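What follows is one structure encoded as structure tokens, with my remarks underneath.
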Amino acid sequence: MTLSRRTALQALAASVVAGHAPMLSAEGNSLDRPNILWIVSEDNNPFIGAYGDRQARTPNIDALAKRGVLYRNVYSPAPVCAPTRFAILTGAYAETCSPAQHMRANAHLPAELRTYPEHLHNAGYYCTNNPKTDYNCDVVPARIWDESSPTAHWRNRPNGKPFLSVFNLMTTHESSLFRLAEGRERFRDVRIPAYLPPTAAIREDYASYYALMSAMDAQVGARLKELEDDGLAQDTIVFYYSDNGGVLPRSKRYCYDEGLRVAMVVYVPPKWRHLCPVPMGSEVTAPVNLVDLAPTLLSLADIPTPKTMQGRAFLGRHAAAPATYSFGMRNRMDERYDMVRTVTDGRYRYIRNYMPHRIWGMRGDFEWNLKSYQSWETEHLAGRLNPDQSRFFGPKPFEELYDLASDPDQLHNLVAAPAQRQRVAILRQALDRHMLAIVDNGFIPEGSPAEGYAASRDKSVYPLKAVMALAQAAARGDPRKLGLMTAALSHPNGVMRYWAATGLLTLKDRAHPAAAQLAKLAAGDPWASVRVVAAEALCHVGRAGHGVAVLATLSNAPGDIPPRLMALNALDSLGDMARPAMPALATAAGDPNEYISRAAKPLLARLKGEYRPDVVYSSGRPAGV
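The numbering of the sequence shown is full-length UniProt numbering, which starts it at 1 and goes up by one.
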């Protein structure tokens, strides 16, 4: 909006009467753009009073929700920080730009995917980040932010600049639960989900989590007070949200609501109320995904959503219609490979496991710092778990469907229920459409030539529709598809060969007729990732000696880390069959790459009969020592 001199003077006079001066641009004109404050907490579900949690003590967030808008069904696009932060930064899903979908990767950010601070900076905003980045790509924070540091603050802005200020609160981060939290004594009567045994260690971690949430809430209050003290509250739209789901067992890294559901509260002051489609004090139940944040910021600044942004604005002049679904995913989580895709409408969650030959509870050395994970596995090894509690340590089904209203712990898989047949079909189709629309790179083996935003959009390099059909057939484990998988082993495309070999691995001993073809691939496929899967499949068709030898060699082969890590994951899944690889595992255990070492050490301890759930093998010491 362009203001005349007279209009500007009238606005100035009105603002003086109201007790505050208008924001001015560098050119001296009143801006019609609000300040924006993001308060981001780490690793937490809505253990918040405003969300109905009676155990929670979160008065500041509760008060913000009472005078603002509470978004009831908000989800991160990945159940872990780095891929999610890529999506928040770019407005595009991490799996559209491999290897950004993996936890701790360094994807190349193409020029097409401009970041939200760049867009806002060009619109006249002063943009600060305090201090976490973790964007999972090669973007340079100093290039996109006016300031990104522990001291970054709106107070450092030049006069007349509207601001976007991001503050990341680390209080509830996963690592904070590696020790007992102060104040946990106030939260003794906590509910333990039915998928966990109610051991003392698990209860202590839940109590600590509530105590950390309370401490984080106080930090939210302190930041809001700063805004008030600076006289900026009436000019600033405030967002509070968490960057991914919680860190208690079977939450962070897993595609259940505990890993993906987050909190979000937004307060829009009266001056900017026209930018919010619902009144303050409302609850919004339509699904929102954190990938929607970037286009929403742009919309608040009157910037249309760029075509490369895959999220949808839910506030501002360019707000879209409410979404029907929210999508999530899992690929490599630290040292463990998996592939999961999921969709929810807020009431039902559909999950598709593309690697059902991998158990849920693959040990990740970082998450196993938690006493609750250690206790859970200890109970499992002792045989003291009931079926709901022990399921985590078993194989996955290809598909899952849960009614979140009647089964919030997501234990009763309804995918085969006749009454849910139509719903399953609708959610399957919604997920397929989404994966095709964003060009989901998750099927591309990490480290292969097909990776990258540009390469994956070349259908000769990455024929996604054909790959998806083959990968679904592979993951279903249907022996009637043996001929299809065997034929695809000779496909000229490496991604297709990878999923053909994965299909035979899923069939295990039923893939015996393809043993000769698998041996040929394991010995000489140009893609190391294909050799890994073929070698693991060989171990289940009577050729374990050959398969383990290939995997042992690949685990210490010079060159890229991903195929080495895949080989170690394969050996880990083989259990005692991996015993001949112990010398190679000993070498890998001393590798300077932390993921290689983390993957090798626990397996080596198991094969030696020395494994303990309470040892953090990255340090070789019992946890807490």
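Positions of the beta carbon are idealized from the N, C-alpha and C atoms, including for glycine. Nothing here was measured: the structure is a model prediction, and the numbers come from that model.
Report buried or exposed for Ala488, applying the criterion of at least 16 other Cβ atoms within 10 angstroms of its Cβ. As a working note, residue 488 is residue 488 in the sequence shown. By the 10 Å Cβ count, Ala488 comes out buried.
Kindly indicate the opening and closing residues of the alpha helix (DSSP H) around Phe86. Locating residue 86 in the sequence shown gives position 86, counting from the first residue. For Phe86, the enclosing alpha helix (DSSP H) starts and ends at Cys81 to Thr90.
For Ala211, I'd like the list of residues in its chain whose CB is within less than 8 Å of its CB, leaving aside the five on either flank, ordered along the chain. The residue you call residue 211 lines up with position 211 of the sequence shown. Result list for Ala211: Ala181, Glu182, Gly183, Arg184, Arg186 and Phe187, in chain order.
Between the alpha carbons of Lys608 and Leu565, how many angstroms are there, rounded? As a first step, residue 608 is located in the sequence shown; it is residue number 608 there, counting from the start. As a first step, residue 565 is located in the sequence shown; it is residue number 565 there, counting from the start. So the alpha carbons of these two residues sit roughly 21 Å apart.
Are the region 451-465 and the region 85-100 touching by the rule of at least three beta carbon pairs closer than 8 Å? The count of Cβ pairs closer than 8 Å, one atom from the region 451-465 and one from the region 85-100, reaches three, so the stretches are in contact.
Between the C-alpha atoms of Glu228 and Val74, what's the straight-line distance to the nearest angstrom? Along the sequence shown, read from residue 1 onward, the residue named residue 228 stands at position 228. Along the sequence shown, read from residue 1 onward, the residue named residue 74 stands at position 74. Cα to Cα, the separation comes out at about 27 Å.
Completely contained alpha helix (DSSP H) runs for the region 303-382, where each covers 4 or more residues: 371-381
Just verifying my parser: in three-state terms, what is the DSSP assignment at Ala519? Here residue 519 corresponds to residue number 519 of the sequence shown, with the count starting at 1. Note: Ala519 maps to helix in three-state DSSP.
Please classify Gly47: does DSSP put it in a helix, a strand, or coil? Here residue 47 is taken as the residue at index 47 of the sequence shown, counted from 1. Checking the sequence shown, residue 47 turns out to be Phe, not Gly. Looking at Phe47 - three-state DSSP - the assignment turns out to be coil, as it is neither helix nor strand.
Are the Cβ atoms of Thr296 and Ala313 separated by less than 8 Å? Stepping through the sequence shown from its first residue, residue 296 is reached at position 296. Stepping through the sequence shown from its first residue, residue 313 is reached at position 313. Yes. Within cutoff.
For Gln526, is the classification buried or exposed, using 16 other Cβ atoms within 10 angstroms of its Cβ as the cut-off for buried? Along the sequence shown, one-based indexing puts residue 526 at 526. Per the sequence shown, the amino acid found at residue 526 is Pro instead of Gln. The residue in question, Pro526, is exposed, as its Cβ has fewer than 16 Cβ neighbours within 10 Å.
Any idea what DSSP makes of Glu594, helix, strand or coil? The sequence position of residue 594 within the sequence shown is 594, counting from 1. Residue state, collapsed to three classes: helix.
Any chance you could list the beta strand (DSSP E) runs of at least 3 consecutive residues sitting entirely within the region 223-247, in chain order? 236-242
Simplified DSSP assignment, three categories, for Pro418: Working through the sequence shown from its first residue, we reach residue 418 at position 418. Helix at Pro418.
Between Gly68 and Thr305, what straight-line distance do the alpha-carbon atoms span, to the nearest angstrom? Indexing the sequence shown from 1 puts residue 68 at position 68. Indexing the sequence shown from 1 puts residue 305 at position 305. Whole-angstrom Cα-Cα distance: 24 Å.
Please name the residue, chosen from Trp499, Ser165 and Asn244, that lies closest to Ser529 on a Cα-to-Cα basis. Taking the sequence shown and counting its residues from 1, the one referred to as residue 529 is at position 529. Ranking the options by Cα distance to Ser529, first place goes to Trp499.
From Val190, Gly221, Pro287 and Leu177, pick the residue whose C-alpha is nearest to that of Pro77; which is it? Position 77 of the sequence shown holds residue 77. Among Val190, Gly221, Pro287 and Leu177, the Cα nearest to that of Pro77 is on Pro287.
Thinking C-alpha only, which one of Leu482, Asp432 and Val495 is nearest Asp458? Mapped onto the sequence shown, residue 458 falls at position 458. Selected option, being the one with the closest Cα: Val495.
Take Gly346 and list the residues in its own chain whose beta-carbon comes closer than 8 Å to its own, dropping the five residues that flank it on each side. The sequence position of residue 346 within the sequence shown is 346, counting from 1. Taken in chain order, the residues that qualify are Arg72, Asn73, Thr285, Ala286, Pro287, Ser326 and Leu404.
What is the DSSP secondary structure of Ser456, reduced to helix, strand or coil? Counting from one through the sequence shown, the residue named residue 456 turns up at place 456. Secondary structure at Ser456: helix, using DSSP grouped into helix, strand and coil.
Which residue marks the beginning of the alpha helix (DSSP H) containing Glu536, and which one marks its end? Indexing the sequence shown from 1 puts residue 536 at position 536. Ala528 to Leu538 is the span of the alpha helix (DSSP H), which, as asked, contains Glu536.
Beta-carbon within less than 6 Å of Met264's beta-carbon, same chain only, minus the 5 sequence neighbours each way: which residues are those? As a working mapping, residue 264 is identified with position 264 in the sequence shown. Answer for Met264: Tyr71, Val74 and Tyr241, listed in chain order.
Which residue marks the beginning of the beta strand (DSSP E) containing Ser175, and which one marks its end? Residue mapping note: residue 175 aligns to position 175 of the sequence shown, counting from 1. Segment: none, Ser175 is in no beta strand (DSSP E) and carries neither H nor E.
Rounded to whole angstroms, what is the Cα-Cα separation between Asp257 and Val247? Against the sequence shown, residue 257 aligns to sequence position 257. Against the sequence shown, residue 247 aligns to sequence position 247. Going by the C-alpha atoms only, they are around 12 Å apart.
Using CA atoms only, rank isn't needed, just tell me which of Leu196, Lys481 and Ala63 is closest to Thr378. Numbered from 1 along the sequence shown, position 378 holds the residue referred to as residue 378. Cα-wise, what sits closest to Thr378 is Leu196.
If you run the structure through DSSP and keep just helix, strand and coil, what is Phe398? Counting from one through the sequence shown, the residue named residue 398 turns up at place 398. The answer is coil: DSSP assigns Phe398 none of H, G, I, E or B.
Is it buried or exposed, Thr502, if we count other Cβ atoms within 10 angstroms and call 16 or more buried? As a working mapping, residue 502 is identified with position 502 in the sequence shown. Per the 10 Å Cβ criterion, buried.
Under 8 Å between C-beta atoms of Phe163 and Tyr116: As a first step, residue 163 must be located in the sequence shown, where it is residue number 163. As a first step, residue 116 must be located in the sequence shown, where it is residue number 116. No, Cβ-Cβ distance for Phe163 and Tyr116 is not below 8 Å.
Start-to-end residues for the alpha helix (DSSP H) that takes in Tyr498: Here the question's residue 498 lines up with position 498 in the sequence shown. For Tyr498, the enclosing alpha helix (DSSP H) has its first and last residue at Gly494 to Leu507.
Helix, strand or coil: which one does DSSP assign to Asp146? Numbered from its first residue, the sequence shown carries residue 146 at position 146. In this structure, Asp146 counts as coil in the three-state DSSP scheme.
Terminal residues of the continuous alpha helix (DSSP H) containing Thr553? Here residue 553 is taken as the residue at index 553 of the sequence shown, counted from 1. It spans Ala544 to Ser555 - the alpha helix (DSSP H) in which Thr553 sits, taken as one unbroken run.
Quick one: what's Ser41 bridged to in DSSP? The residue you call residue 41 lines up with position 41 of the sequence shown. According to DSSP, which records beta bridges pairwise, Ser41 is partnered with Leu169 and Ser242.
Selected residue, minimal CA-CA separation from Asn44, among Thr133, Ala111, Ser176 and Gly91: Translated into the one-based positions of the sequence shown, residue 44 becomes position 44. The residue with the shortest Cα to Cα distance from Asn44 is Ser176.
Do the CB positions of Leu505 and Ala514 come within less than 8 Å of each other? Residue numbering aside, residue 505 sits at position 505 when the sequence shown is read from its first letter. Residue numbering aside, residue 514 sits at position 514 when the sequence shown is read from its first letter. No. Outside cutoff.
Would you say Arg188 touches the ligand FMN, meaning its beta carbon is less than 7 Å from a heavy atom? The model on display carries no ligand, and the ligand FMN is accordingly not part of it.
Where do the ends of the beta strand (DSSP E) carrying Asn156 lie? Residue mapping note: residue 156 aligns to position 156 of the sequence shown, counting from 1. No beta strand (DSSP E) holds Asn156; DSSP gives it neither H nor E.
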